[in-house]
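Before any comments, here is the structure.
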Amino acid sequence: MSEEAKKFHEEEAIGKTYDWRVVKRLMSYLKPYWKLAAIALVLTFLTNILISLQPFFTKMAIDDYITPKNVDGLWLFAFAFFGLFLFRFIFSYIQEILLNNVGQKVMFDIRTQIYTKLQRQEVAYYDKYPVGRIITRITSDVDALNELFTSGVIDVLGDLVIIFAIVGMMFYLDWKLALISLITIPLLFAATNWFRKQARSGFDKVRTRNAKLNAFLQEYISGAQTVQLFNAERKAQNRFAEINDDYRNANIETIYYYAIFYPLVDFIGA
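Mapped onto the working numbering, the consecutive letters of the sequence shown carry residue numbers 1 to 270.
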């Protein structure tokens with residue numbers, strides 16, 4: 001196996017690291033900022049509770065005020081509904097500020113730690129790994145972690161709050177109809193599990209191809225004079241086209257998974 005192939009398979013292996021081990025390590029970076037993170041989680045919970053209450057407020061407005069033509073009570077209810085949206089806006093605003101604050105602090109710590117570790121590496125390390133791939137670690141991969149901290153985890157927790165609130169309200173209103181509505185849950189779980197596995201594999205490919213592309217660009221730009229000296233522009237162009245094509249195909253593959261998953265979920269939900 002060539003040296004380049006070995007490096008590529010090492011990149012693939014990194015993408016297949018055990019999920020929970022990585023999550024546990026990432027959570028350790030939150031410890032210095034756990035108070036801010038806890039406040040953000042509480043605000044996320046409150047925001048999504050208010051979102052879940054909106055349909056119930058609409059039902060009350062129609063049944064208790066609009067249909068009986070209770071105009072006086074409707075004005076009072078309208079102010080209450082406005083208050084719900086106002087508190088939702090305030091909670092959401094503070095939550096976003098706190099989450100992005102925590103996310104940027106964590107990313108700063110991770111970048112600093114990576115850079116400090118790079119300074120202690122031996123020369124052989126830089127001979128083994130192209131500078132472009134190392135730069136990808138500090139930039140693109142860290143930005144992906146920022147998305148995980150500021151959006152991914154919070155969105156999942158918020159959606160869980162909404163789901164449990166909606167299911168609880170459904171059982172409160174009509175438990176028989178709620179049971180019938182939940183028949184599709186196993187199908188949704190199966191579809192989501194399939195998408196999770198396929199999308200993870202696809203995004204691993206995107207990440208490794210991106211690192212490979214950055215490595216090539218860095219090597220070519222830094223060695224452009226040597227390439228021109230040996231009249232190897234055509235060879236370099238063909239190599240770039242091959243790597244760029246792999247990167248494009250990896251992104252298209254992930255698009256196919258989304259194109260299948262979302263219509264499938266809509267079909268099951270219908």
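C-beta: ideal position from N, C-alpha, C; glycine also.
Please read these numbers as outputs of a predicted model, since none were measured by experiment.
A Cβ-Cβ contact shorter than 8 Å links Asn214 with Arg133. Under the Cβ criterion (8 Å, minimum of three pairs), the stretch 70-83 does not count as touching the stretch 36-47. Segment contact: the stretch 221-238 against the stretch 158-167, fewer than three CB-CB distances shorter than 8 Å; contact not assigned. Taking all protein chains shown into account, Phe230 has fewer than 16 neighbouring C-beta atoms within 10 Å of its C-beta and is therefore exposed. Residue burial annotation: Leu99 is buried, with at least 16 other C-beta atoms found within 10 angstroms of its C-beta. In this structure, Phe261 lies away from Ala190, with their beta-carbon atoms at least 8 Å apart. Closest by C-alpha distance to Gly168, out of Arg209, Tyr220, Ile49, Ile135, is Ile49. For Gln228, the three-state secondary structure derived from DSSP is helix.
Proximity to Arg207 across Ser28, Asp143, Leu53 peaks at Asp143, based on C-alpha coordinates. The closest CA to that of Lys197, considering only Leu217, Pro186, Thr254, Ala80, is found on Thr254. Boundaries of the alpha helix (DSSP H) around Ala78: 71-119. Counting along the chain, Pro55 sits inside the alpha helix (DSSP H) bounded by residues 34-60.
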